[in-house]
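Working notes, structure below.
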Amino acid sequence: MKKTSFNQKLWNIDLFDEIGYDKATKKLYIFCNDGKVIEFFNIEQKDVFGLIISIDKDNLITEFKERFPYNIHDNELTLSV
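Residues 1 to 81 (full-length UniProt numbering) make up the sequence shown, in order.
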């Protein structure tokens with residue numbers, strides 16, 4: 001799984017600073033500042049690229065919650081890289 005880190009101050013992000021995407025399973029992981037992980041299912045690669053270049057990433061995550069199935073894990077997941 002590929003991970004991407006973001007400078008929260010530069011991008012004006014409040015929710016997270018890192019995401020991970022597994023292209024084979026089409027899962028997107030949002031690693032939240034509070035230790036929770038949002039796991040989205042059936043996310044296409046184009047949607048992940050949209051998130052990466054979005055100037056309003058926090059709002060786009062809210063939109064993803066309306067468009068895609070997801071789970072929220074209370075503790076950080078141990079994921080193979």
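Even for Gly, the Cβ is constructed at its ideal location relative to N, Cα and C.
Predicted model, so just to flag it, every value in this text is computed and none were measured.
Which stretch, first to last residue, makes up the beta strand (DSSP E) that contains residue i?
| i | result |
| --- | --- |
| residue 35 | Segment: none, residue 35 is in no beta strand (DSSP E) and carries neither H nor E. |
| residue 23 | Here residue 23 belongs to no beta strand (DSSP E), and DSSP marks it neither H nor E. |
| residue 71 | 70-73 |
Buried or exposed: where does residue i fall if 16 or more other Cβ atoms within 10 Å of its Cβ makes it buried?
| i | result |
| --- | --- |
| residue 52 | exposed |
| residue 41 | exposed |
| residue 57 | buried |
| residue 72 | exposed |
| residue 55 | exposed |
Taking only the alpha-carbon atoms, compute the straight-line gap between residue i and residue j and give it to the nearest angstrom.
| i | j | result |
| --- | --- | --- |
| residue 48 | residue 74 | 23 Å |
| residue 61 | residue 15 | 9 Å |
| residue 34 | residue 50 | 24 Å |
| residue 80 | residue 68 | Only weak support exists for where residue 80 lies, its pLDDT of 45 falling under 50; the value from the coordinates is given anyway. Cα-Cα distance, rounded: 23 Å. |
| residue 59 | residue 2 | 22 Å |
| residue 65 | residue 4 | 20 Å |
Cβ of residue i less than 8 Å from any chain C Cβ?
| i | result |
| --- | --- |
| residue 17 | As a matter of chain content, chain C is missing from the structure shown, which is built from one protein chain. |
Return the Cβ separation of residue i and residue j in integer angstroms, given the expectation that the two are a contact with Cβ distance under 8 Å.
| i | j | result |
| --- | --- | --- |
| residue 27 | residue 44 | About 11 Å separates the two Cβ atoms, so there is no contact after all. |
Start and end of the alpha helix (DSSP H) containing residue i?
| i | result |
| --- | --- |
| residue 52 | 45-53 |
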